[in-house]
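Participant:
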Amino acid sequence: MVFYDLTSSYFEGEGPEGLAQYGYSRDQREGNRQILLGVVMANGWPIAHHVFRGNRHDSETVLPIVADLEKRFGLRRIVFVGDRGMVSTANLGFLWSQGHGFLFGLRRRRSPEVLEYVRKAQSGSWQPCSPEEKDRVCEVEGALPGQRIFVVESAERLAYEQAMRERDVTKTREELGKLAKRIEKGELRNREEIGSCVARILSLHRGHRYFRWSLRAGKLQVSEEPVETEKLLEGKYVILTEEKDLSPLEAVRAYKELSEVERAFRKLKDVLELRPIYHHNPKRVRAHVFVAALAFLLDRLLEKKLKAANLPFSSEQAWVALRTIHLVDFSFGSEKRRGVTAGNHQARQILSALRISAREP
249 MVFYDLTSSY FEGEGPEGLA QYGYSRDQRE GNRQILLGVV MANGWPIAHH
299 VFRGNRHDSE TVLPIVADLE KRFGLRRIVF VGDRGMVSTA NLGFLWSQGH
349 GFLFGLRRRR SPEVLEYVRK AQSGSWQPCS PEEKDRVCEV EGALPGQRIF
399 VVESAERLAY EQAMRERDVT KTREELGKLA KRIEKGELRN REEIGSCVAR
449 ILSLHRGHRY FRWSLRAGKL QVSEEPVETE KLLEGKYVIL TEEKDLSPLE
499 AVRAYKELSE VERAFRKLKD VLELRPIYHH NPKRVRAHVF VAALAFLLDR
549 LLEKKLKAAN LPFSSEQAWV ALRTIHLVDF SFGSEKRRGV TAGNHQARQI
599 LSALRISARE P
C-alpha cells in the first residue's frame with residue numbers, strides 16, 4: 249500500500265523555462281511560477297519523490313508514479329492511495345489493467361453520484377471507526393459492479409464545516425444587505441457594475457452555495473437557497489475502492505494515512521526550507537528538491553528514534569536543541585586546535601538516543 253500526494257513550491261523570479269509554470273498554487277502564490285512536487289510514502293517512510301512542471305494536472309501524474317514504483321522497486325502489485333485530485337477514468341482503468349488496487353477519495357460537490365451515496369448512507373448501517381473516536385463509516389453499493397463505497401462522517405470535520413457555513417452565511421447576508429442599500433440610494437445603477445459587486449461578495453465567503461440574486465425594478469432581490477444539500481455533505485468524505493479484503497475500518501485507517509504525506513509537505517516547506525526556490529537551471533531545481541527530500545528522510549528517522557527512546561521531543565524541537573552543539577576553533581599561542589561542544593542537556597539526550605558518542609568533526 250503506497251500513499252501519494254502533490255504540493256507546489258514557488259519560484260522567486262522566472263525560474264527555468266518549461267519546468268516553472270503558472271498553476272494552482274497550494275501556497276496562495278498565484279502570481280509566482282511554480283513546480284509540483286509529488287511524494288510517495290509507504291509504511292510511514294518516504295520512498296520516492298518526483299518533480300513536475302507547475303501547470304500539470306494532479307491526475308496526469310499517477311501513471312508515471314506507478315511506472316516508477318514498478319521499475320525502481322520491482323513491485324508486482326500495489327494498492328495506490330490518493331485523494332480526489334487523482335481520480336480519473338483513465339487512471340482507474342490503468343490501475344485495473346495492470347492488476348493494481350486503489351483507494352481514492354471522491355469529490356463531494358458537483359457530483360450527483362457522491363450525493364446519492366451520502367443519501368443512501370443516511371438510512372444505512374453505520375459503525376464507529378474506533379472506540380476512541382466519534383467518527384463513523386457506512387458502506388453503500390457502488391455505481392458499477394465490483395466498486396465498494398465507504399461514506400465516512402468525521403465529528404471534527406462536521407463541527408468545523410457547520411461553523412464555517414454559519415459564518416459564511418452571516419457575512420454574505422451582511423455584505424449583500426449593504427450593497428442593497430447602496431443601490432436604493434442610487435450610488436449604483438449600472439447592471440454590469442452591480443453584477444460585478446454581487447459576484448465579488450459571493451466569492452469572498454462561498455456565498456454562491458447559499459444565495460441567489462436578481463435585479464428587479466432597480467432593487468436587489470436576494471433569496472437564500474435551501475441548504476439541505478450542503479448540510480447533508482458536511483463532515484462527510486467518500487472513499488472508492490475495489491479491494492475485496494479491506495474492511496470499512498481498514499479502508500478508513502488507510503485513507504487517513506494520507507495525512508502523513510500532508511505532514512511531510514509542511515515539514516519540507518517550513519522546517520526544511522524547500523520554498524521559495526531561486527534557481528534558474530532545471531538541474532539545480534531538481535537538486536534543491538532532492539536535498540530537501542533527503543533531509544525529510546533524516547527528519548523522519550530522527551522522529552522514529554526519539555519515539556523509540558521515549559523522549560518527549562518532536563523532530564523540530566530536536567533540531568533546535570542540536571543547534572547548541574558548536575564546532576570551535578581555538579589557539580594557545582601558535583598552537584591551533586579544534587573541538588566540539590557538548591551541547592545542552594536535551595542535545596546530549598538526543599545524541600544518546602541516536603547512539604552517537606563520538607563528537608569529533
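In this note's numbering, the protein residues as written are 249 to 609. Just so you know, even glycine gets a beta-carbon here, dropped at the ideal spot from N, CA and C. Bear in mind that the values here come from a model prediction, so they are computed numbers and not experimental data.
Quick one: what's got a C-beta closer than 8 Å to R490's C-beta in the same chain, skipping five residues either side?
Facilitator: It is worth fixing the name first, because residue 490 is Glu in this sequence and not Arg. Hits under 8 Å: W344, G349, F350, G394, Q395 and R396.
Participant: Taking Cβ positions, are V661 and M289 nearer each other than 8 Å?
Facilitator: Residue 661 falls outside the range modelled here, since the chain spans only 249 to 609, and no answer is possible.
Participant: What are the residues that DSSP puts in a beta bridge with S257?
Facilitator: Beta-bridge pairing links S257 to I283.
Participant: Am I right that A338 and G302 are in contact with their C-beta atoms under 8 Å? What's the rounded C-beta distance?
Facilitator: Not quite, the Cβ-Cβ distance comes to about 22 Å (not below 8 Å), so this is no contact.
Participant: From this set, A428, V327 and G341, which residue's C-alpha is nearest E498's C-alpha?
Facilitator: E498 has its Cα closest to that of V327, out of A428, V327 and G341.
Participant: Specify the secondary structure class of D577 as computed by DSSP and reduced to three states.
Facilitator: Three-state DSSP puts D577 in a strand.
Participant: If we count the other Cβ atoms within 10 Å of its Cβ and call it buried at 16 or more, is T309 buried or exposed?
Facilitator: Buried, because 16 or more other Cβ atoms sit within 10 Å of the Cβ of T309.
Participant: According to DSSP, is M412 part of a helix, a strand, or is it coil?
Facilitator: Residue state, collapsed to three classes: helix.
Participant: Tell me G353's beta-bridge partners as DSSP assigns them.
Facilitator: In DSSP, G353 forms a bridge with I487.
Participant: What first and last residue would you give for the beta strand (DSSP E) that runs through Q469?
Facilitator: Segment K467 to E472, the beta strand (DSSP E) holding Q469.
Participant: Using only alpha-carbon positions, find the residue among L452, V400, A407 and G483 that is nearest to L424.
Facilitator: Of the listed residues, the one whose Cα sits closest to L424 is L452.
Participant: Taking only the alpha-carbon atoms, compute the straight-line gap between A369 and D306 and give it to the nearest angstrom.
Facilitator: Those two C-alpha atoms are separated by around 29 Å.
Participant: G434: which of M412, T418, E404 and L468 sits nearest, CA to CA?
Facilitator: Answer by Cα proximity: L468.
Participant: With a Cβ-Cβ cutoff of 8 Å, do V500 and Y365 count as a contact?
Facilitator: No; because the gap between Cβ atoms is not below 8 Å, this pair is not in contact.
Participant: Rounded to whole angstroms, what's the CA-CA distance from F251 to L285? Just pull it up for me.
Facilitator: Taking the straight line from one Cα to the other gives about 14 Å.
Participant: With DSSP run on the structure shown, which of helix, strand or coil describes I431?
Facilitator: DSSP places I431 in helix when its eight states are reduced to three.
Participant: Nearest CA to the CA of W293: which residue from K555, H536 and R548?
Facilitator: The shortest Cα separation from W293 among K555, H536 and R548 belongs to R548.
Participant: Can you look up W344 in the DSSP assignment and give me helix, strand or coil?
Facilitator: Note: W344 maps to helix in three-state DSSP.
Participant: What separation, rounded to the nearest whole angstrom, lies between the Cα atoms of K515 and V539?
Facilitator: Distance between the alpha carbons of K515 and V539 is about 13 Å.
Participant: Is the Cβ of D493 closer than 8 Å to any Cβ of chain D?
Facilitator: Absent here is chain D; the protein component of the structure consists of one chain.
Participant: So is T420 buried or exposed if we call it buried at 16+ other beta carbons inside 10 Å?
Facilitator: It is buried - the Cβ of T420 has at least 16 other Cβ atoms within 10 Å.
Participant: Residues in its own chain within less than 7 Å of L406 by CB, not counting five upstream and five downstream?
Facilitator: Same-chain partners within the cutoff: E482 and G483.
Participant: If you draw a straight line from the alpha carbon of H593 to that of L599, how long is it in whole angstroms?
Facilitator: For H593 and L599, the distance between alpha carbons rounds to 10 Å.
Participant: How far does the alpha helix (DSSP H) with R532 in it extend, from its first residue to its last?
Facilitator: First-last of the alpha helix (DSSP H) with R532: P530 to A556.
Participant: Taking H574 as the reference, which of F398, L463 and T589 has the closest Cα?
Facilitator: Comparing Cα positions, the closest option is T589.
Participant: Tell me which residues share the same chain as E381 and place their Cβ nearer than 6 Å to its Cβ, disregarding the 5 neighbours each side in the sequence.
Facilitator: Within the same chain, E381 has no close Cβ partners at all.
Participant: Measuring straight from C-alpha to C-alpha, what distance separates C386 and A535?
Facilitator: Using only the alpha carbons, I get a separation of about 45 Å.
Participant: Does the distance from the C-beta atom of V335 to that of F321 stay below 8 Å?
Facilitator: No, these two residues do not count as a Cβ contact at 8 Å.
Participant: Among the residues of its own chain, which have a CB less than 6 Å from the CB of V362, if the five just before and after it don't count?
Facilitator: These residues qualify, in order along the chain: L354, R356 and V486.
Participant: Note down, in chain order, each residue of its chain lying with its Cβ closer than 8 Å to the Cβ of D253, except the 5 sequence neighbours on either side.
Facilitator: Correct list, in chain order: G286, V287, G330, D331, L506, V509, E510 and F513.
Participant: Does the distance from the C-beta atom of L570 to that of A543 stay below 8 Å?
Facilitator: The answer is no: Cβ separation not under 8 Å.
Participant: Report buried or exposed for Q375, applying the criterion of at least 16 other Cβ atoms within 10 angstroms of its Cβ.
Facilitator: Classification for Q375: exposed.
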